[in-house]
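Mapping the sequence shown onto the UniProt record's numbering, position 50 (from 1) lands on 50, and the numbers just tick up by one. Glycine is no exception: its CB is placed at the ideal position from the N, C-alpha and C atoms. Please read these numbers as outputs of a predicted model, since none were measured by experiment.
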Amino acid sequence: AEARAGVAATAPARRRRMAARASLSDDFSDEAANRRRLMLRYARECEPEEVQAFVESAPPSVVAAMRHTVANIVGTLPSNFFDVKVSTVADSLAQLFYTMAMTGYLFSSAQYRMELRATLDAISGTPRSGSSTGDSGSGSDDG
1 AEARAGVAAT
11 APARRRRMAA
21 RASLSDDFSD
31 EAANRRRLML
41 RYARECEPEE
51 VQAFVESAPP
61 SVVAAMRHTV
71 ANIVGTLPSN
81 FFDVKVSTVA
91 DSLAQLFYTM
101 AMTGYLFSSA
111 QYRMELRATL
121 DAISGTPRSG
131 SSTGDSGSGS
141 DDG
């Protein structure tokens, strides 16, 4: 009888936990639906002019690196031979957007470091070689 009373006493707690999980699940599904709407809106509203502005303002090496990266991620097929249609789920599209944003930041940071190094080399008058042997004997950390 005591075991049965213990089970009966935990039933309300179990129902509360299940209700909390359902509520949490609803929150996640609402959040996922909201993310899908935002990504779809971004994909629809991203104008070619925005991409062109990036191409015109970014250093050529960064643009080339981004083109190469996008081609590797998305793939390339000649449009005159293939009618390509891309289909994906929202989470995969979100991951692609995130990856491209992080890749862009990585390239931007690398470009900044290269320019900073060139400026410091110009100020000091001693250009550094890009090889690891030229940097290893200095005893300083560039990063």
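If you ignore the 5 residues before and after A64, its C-beta comes within less than 8 Å of no other C-beta in its own chain.
Per DSSP, reduced to three states, the secondary structure at P59 is coil, with no helix or strand assignment. Closest in alpha carbon position to V70, among R37, S29 and A101, is A101. The C-alpha of C46 lies about 12 Å from the C-alpha of F54.
If you check the CB distance, F107 and V62 come in under 8 Å.
For the set A90, E56, V86 and K85, the Cα lying nearest the Cα of L40 is the one of A90.
Non-local beta-carbon contacts of F81 in its own chain, meaning distances under 8 Å to residues more than five positions away in sequence, are absent. If you look at T119, you'll find it in the alpha helix (DSSP H) that goes A90 to S124. Out of P60, V86 and A94, the CA that lies nearest to the CA of A33 is found in A94. Judged by their CB atoms, G125 and M66 are not nearer to each other than the 8 Å cut-off.
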